[in-house]
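Student: For this note's numbering, count along the sequence shown from 1 and bump the result up by 12.
One structure follows; several queries about it will come next.
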Amino acid sequence: MNFARSHQEFKNLFFKEHEAEFVRLVKEGQSPKTLFIGCSDSRVVPELISSSTPGQIFVIRTAGNFVPYNDPTILWDGVAATIQYAVEVLGVKDIIVCGHSDCGAIQGLFKDIKLDTLAHWLRFGHEAKQSTLEALGKNVSDSIKYDVAEHISVLYQLDHLLTYPYVKEKVSQDKIFLHGWHYTIDTGAIDYYDPAVGKFVPLARLLENANAK
13 MNFARSHQEF KNLFFKEHEA EFVRLVKEGQ SPKTLFIGCS DSRVVPELIS SSTPGQIFVI
73 RTAGNFVPYN DPTILWDGVA ATIQYAVEVL GVKDIIVCGH SDCGAIQGLF KDIKLDTLAH
133 WLRFGHEAKQ STLEALGKNV SDSIKYDVAE HISVLYQLDH LLTYPYVKEK VSQDKIFLHG
193 WHYTIDTGAI DYYDPAVGKF VPLARLLENA NAK
């Protein structure tokens with residue numbers, strides 16, 4: 013990929029169109045209202061699938077969109093520090109954890125991973141793996157197993173967020189709201205976890221409900 017040419021296109025097109033907004037963001041600083049925790053997968057671009065413009069969402073991307081639980085003996089300071097900054101400095105109001113279809117990290121939970129650092133990181137998905145196997149058993153296709161694990165993992169990552177005291181406190185005070193999403197790459201559809209029905213439903217349903225009022 014020719015990054016020099018791509019950057020020039022950015023300068024000539026997108027930046028030129030939004031230059032005033034970039035200048036304002038530097039002058040006034042950023043004030044995103046949403047922390048988006050997504051996967052590092054190159055096919056899942058948070059700003060693209062949410063139609064967000066610069067300054068709207070604060071983003072963390074990790075393999076599997078995993079959130080390390082708050083444990084001082086586990087050194088994943090970069091993720092924890094970014095969560096704390098989003099919550100205590102930027103004052104975000106919403107935190108989205110977004111899983112996706114065909115996730116390599118989720119598939120890796122069910123395989124023998126030889127890469128030591130990656131295998132260590134995948135521990136944050138082990139709860140999802142166990143819950144998936146308990147729910148489905150072992151006599152199911154890999155595609156079904158992976159799909160179920162992708163969705164279940166999102167819920168566990170939301171639980172991991174609540175192990176951070178500053179997140180748990182603000183959630184209990186209704187100052188922060190947690191959201192679980194699942195994005196399907198080949199359809200562009202997003203489902204969200206609706207606690208009222210205990211399952212993932214199309215995100216488009218929120219728009220339909222709003223229009224019906």
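Glycine is no exception: its CB is placed at the ideal position from the N, C-alpha and C atoms.
Could you check if P214 is buried or exposed, using at least 16 other CB atoms within 10 Å of its CB as the buried criterion?
Tutor: Its Cβ having fewer than 16 others within 10 Å, P214 is exposed.
Student: Can we say the segment 172-184 touches the segment 148-156, given the rule of at least three CB pairs closer than 8 angstroms?
Tutor: With the cut-off at 8 angstroms, the segment 172-184 and the segment 148-156 do not touch.
Student: Kindly indicate which residue of Q119, G149 and P58 has the alpha-carbon position closest to the one of E162.
Tutor: Measuring from the Cα of E162, the nearest candidate turns out to be Q119.
Student: Per DSSP, Y195 forms a beta bridge with which residues?
Tutor: Paired residue(s): H112 and I202.
Student: Tell me the rounded alpha-carbon separation between C110 and S63.
Tutor: Their Cα atoms are separated by approximately 15 angstroms.
Student: Below 8 angstroms, how does it come out for the segment 116-136 and the segment 196-206: are there three or more Cβ pairs, yes or no?
Tutor: Contact between the segment 116-136 and the segment 196-206 is absent, because fewer than three Cβ pairs lie under 8 angstroms.
Student: Do S143 and Y168 have their C-beta atoms closer together than 9 angstroms?
Tutor: Cβ atoms of S143 and Y168: closer than 9 angstroms.
Student: How should D89 be labelled, buried or exposed, when 16 other C-beta atoms within 10 angstroms of its C-beta is the threshold for buried?
Tutor: Classification for D89: exposed.
Student: Starting from P214 and walking both ways along the beta strand (DSSP E), at which residues does that stretch end?
Tutor: Residues K211 to P214.
Student: Give the C-beta separation of L47 and V104 to the nearest angstrom, bearing in mind that I take them to be a contact with Cβ-Cβ under 8 angstroms.
Tutor: Contact holds; Cβ gap of about 5 angstroms.
Student: Any heavy atom of the ligand ZN closer than 8 angstroms to the Cβ of Y168?
Tutor: Among the components modelled here there is no ligand, and therefore nothing to report on the ligand ZN.
Student: If you scan the segment 39-72 from start to end, which runs of the beta strand (DSSP E) of 3 or more residues do you find wholly inside it?
Tutor: Counting only runs of 3 or more, we get 46-51.
Student: Under a Cβ-count criterion, where at least 16 other Cβ atoms within 10 Å of its own Cβ denotes burial, should G149 be classed as buried or exposed?
Tutor: Under this definition G149 is an exposed residue.
Student: Three-state secondary structure (DSSP) at I118?
Tutor: Reduced to three states, the DSSP call for I118 is helix.
Student: Three-state secondary structure (DSSP) at T94?
Tutor: It is helical.
Student: Would you tell me roughly how many angstroms separate the C-alpha atoms of I11 and A32, rounded to the nearest one?
Tutor: The requested residue 11 is not part of the displayed model; the chain covers only 13 to 225.
Student: Looking at the unbroken alpha helix (DSSP H) that takes in Y158, where does it start and where does it end?
Tutor: Per DSSP, Y158 belongs to the alpha helix (DSSP H) from D154 to L173.
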